[in-house]
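Data first, discussion second: the structure below is written as structure tokens.
Okay, structure coming up:
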């Protein structure tokens, strides 16, 4: 599972590093955290649609999302900042530096489309199912 998240982080990090950004590690962490949150909230949306467990709670749904968002950000921050200090992402460069340009382009398109599909795709599918 980490391989997919590591790839997303590495591509965003490498993109901003090549543009000589001051904070490429932070940009990678931010994009990865947003993508992970969309995945988590998509799963929660499906679970809530099937079971109604979140609707049974008498609380604001945004209050449930804030701790999850903070937890994801903190975990990513610790993991990737520690990795940056330890080996400056050497294993990532060994694994993906010599990737073919066609494969890299295809993966970047998927990488950009993933948050969009998670944000709009799951609610649209659930809405369509509810209208049947």
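Residue numbers (the UniProt record's numbering): 1 to 132.
Heads up, the beta-carbon is just placed ideally off N, CA and C, and yes, glycines get one too.
When the Cα of residue 78 is compared with those of 127, 15, 33, which residue comes out closest?
When C-alpha distances from residue 78 are compared across 127, 15, 33, the shortest belongs to 33.
Compute the Euclidean distance between the alpha carbons of residue 92 and residue 6, then round it to the nearest angstrom.
Their backbone Cα atoms lie some 8 Å apart in a straight line.
State the start and end residues of the unbroken alpha helix (DSSP H) segment that holds residue 130.
Its alpha helix (DSSP H) spans residues 122 to 131.
Residue 110 to residue 132, Cα distance in whole Å?
Across the structure, residue 110 and residue 132 are spaced so that their CA atoms are roughly 30 Å apart.
So, helix, strand or coil for residue 98, using DSSP?
Taken through DSSP and simplified to helix, strand or coil, residue 98 comes out as coil.
Under 9 Å between C-beta atoms of residue 57 and residue 122
Result no, Cβ atoms of residue 57 and residue 122 do not sit closer than 9 Å.
Skipping 5 residues on each side, what residues in its chain have a beta carbon closer than 7 Å to that of residue 114?
Excluding residues within five positions, the ones whose Cβ falls inside 7 Å are 35.
Of all the options 54, 99, 89, which has the alpha carbon lying nearest to the alpha carbon of residue 24?
Measuring from the Cα of residue 24, the nearest candidate turns out to be 89.
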